[in-house]
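Using the working numbering, the first residue of the sequence shown is number 229, and each one after it goes up by one. C-beta atoms are modelled at their ideal positions from N, C-alpha and C, and glycine is treated no differently. Everything numeric in this text was worked out from a predicted model, so none of it was measured. Structure, as structure tokens:
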Amino acid sequence: MRDIKYQQILDEIKGRVEPLYGRGQVADYIPELRKVKPHQFAMCLTCVNDKAQYSTGCAEKPFSIQSISKVFALILAASKIGERVYQRVGIEPSGDPFNSLVQLEHEQGFPRNPLINAGALVVSDILISCLDDPKTQLLDFVRRLANNSKINFDASVTDSEKKTGFRNYAMAYFLKSFERIENCVDDVLDLYFHQCSLSMSCSDLSYAFLVLANRGVIMHSGDKILTPSQSKRINSIMQTCGFYDQAGEFTFRVGLPGKSGVGGGIAAIKPDEFSIAVWSPELNKHGNSVLGMHALEHFTTATGKSIF
Ligand code: GLN
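This is the structure:
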């Protein structure tokens, strides 16, 4: 098969998506995110076979990963308690916005999946129950996946969300009323707000997601984090649930399992081949990066590397 000129393709994609600046809006419901300069773009690809990295734009610049962190929390929870995670959260797409409360009432507080806020709060609860120091251990885990000990929580983003995340407070108490949360609600929210405030670059994210492209094994250390089956399950959940009420469109246009965050990041993988991260802060009405979606669509079209 012909060699794919990844660097050239990424640079071309940057040129193609930059005219789309201004088509979305930076998340403003978390005050600290409102301060981010909107017209920024970065993309980074890491290949499984030779660990080669290709990037374009400001790929070393850290940003708030927000809901992309739900994947890290899920990997950690699955590595600790295995299949029992899926007794606490479902595996079906919600078709609703990430912070919707509606379904929960009808479904007795059982979250549709671990990648919407309700499900992520239950995963936080699982981590609190099975780890001695969940915040530190989650941070260490992400640093280990990304092979970067400098990754940290952004305290100003954590505080900003603590002051304004009323819907998440409502949701956590609602879950508690259905006895879906075992621990103290404040501790669950504290862990959740911290994980959302993790600050990482596209290069970090692309490297960290490689574990899901490599059947659960960390590439640089050879550490087995998940079984191939556990890794497959998380990828399938990303495919069907990673983009909330735009999961179908992401699958249709891009065709990779992935996860977005309201910081404007998206990480996606192709099993056995690569992981890719993209960032641009302006969001569409579903809370997904406008340029990020277009960039990934161009990428899988230009390379022919979607999973379909
Ligand atoms: N911290 C954000 C929230 O809970 C995460 C949302 C997202 O990235 N979709 O509202």
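- Relative to the ligand GLN, Ser377 has its C-beta separated by 7 Å or more from all heavy atoms.
- As the crow flies, the alpha-carbon of Asp414 is around 45 Å from that of Tyr234.
- Under DSSP, Gly515 shares a beta bridge with no residue.
- Within its own chain, the residues whose Cβ lies closer than 6 Å to the Cβ of Asn516, once the five positions on either side in sequence are excluded, are Phe471, Gln474, Ser488, listed in chain order.
- Around Lys298, the same chain offers Pro342, Leu343, Gly347, Ala348, Val351, Gln423, Lys487 as residues with beta carbons nearer than 8 Å, after the five sequence neighbours per side are excluded.
- The ligand GLN approaches Asn396 closely enough that one of its heavy atoms is under 7 Å from the residue's Cβ.
- Nearest in C-alpha terms to Ala523, of all of Leu484, Glu320, Gly323, is Leu484.
- Put simply, the backbone Cα of Phe402 is about 28 Å away from that of Ser464.
- Excluding five sequence positions before and after Gly323, the CB atoms of its chain that fall closer than 6 Å to its own CB belong to Asp473, given in chain order.
- Contact check for Val313 against Ala306 passes: the beta carbons are separated by less than 8 Å.
- Residue pairing by DSSP leaves Tyr472 without any beta bridge partner.
- Between the beta-carbon of Glu320 and that of Arg340 there is about 5 Å, and that keeps the pair under the 8 Å contact cut.
- Within the same chain, and ignoring the five residues on either side of Thr274 in sequence, the residues whose Cβ sits closer than 7 Å to its Cβ are Gln281, Ser434, Tyr435, Leu438, Phe502, Ser503.
- Nearest to Phe536 by alpha-carbon distance, out of Ile497, His514, Leu519, is Ile497.
- Taking non-hydrogen atoms of the ligand GLN into account, the C-beta of Cys286 is found less than 7 Å away from none of them.
- Runs of beta strand (DSSP E) with 3 or more residues, each lying fully within the region 426–495, are found at 426–428, 486–488, listed in chain order.
- When distances are taken from the beta-carbon of Gly489 to the heavy atoms of the ligand GLN, the shortest one is below 7 Å.
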